[in-house]
Amino acid sequence: MALTNASISFRTVEQTKSEAYQVIEQYGLTPSQVFNMFLAQIAKTRSIPVDLNYLRPNKETLAAMDELDSGNAESFFIEAGENYSVEEFTKRILNG
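Heads up, my numbering is the position in the sequence shown plus 57, with the first residue counted as 1.
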């Protein structure tokens, strides 16, 4: 079976593109080569070869999620239209 070429078009921020192209050039590669390597790696590994750890909740977030799931979380009611700074909101929570 003969391989055929396909085109991909996408939008990105100009500054990101410019900075990325500078790095790509430092490796002596073209953007097309890098994008092809990226797609080949995705197809081969069935995963995205980018560190997505920032999407994983940390210990504190997991504990808060467990607290919510268990039904033991405190709840705080704020009227619609009320606005508080972080400091004001913290005082309101701590002082009732």
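Glycine is no exception: its CB is placed at the ideal position from the N, C-alpha and C atoms.
Q | Integer-rounded CB distance, given that residue 88 should sit under 8 Å from residue 98 | A | Actually they do not touch by this definition, with Cβ atoms about 16 Å apart.
Q | The alpha helix (DSSP H) enclosing residue 103, as first and last residue numbers | A | Per DSSP, residue 103 belongs to no alpha helix (DSSP H) and is neither H nor E.
Q | Assigned secondary structure, residue 107 (DSSP; H/G/I helix, E/B strand, else coil) | A | coil
**Q.** Where the alpha helix (DSSP H) through residue 71 begins and ends
**A.** 71-83
Q: Check whether the Cβ atoms of residue 81 and residue 91 lie closer than 8 Å to each other.
A: yes
Q.
Between the alpha carbons of residue 67 and residue 152, how many angstroms are there, rounded?
A. 51 Å
Q) the ligand HEM heavy atoms versus the CB of residue 102: any closer than 7 Å? A) Of ligands this structure carries none, so the ligand HEM is not represented either.
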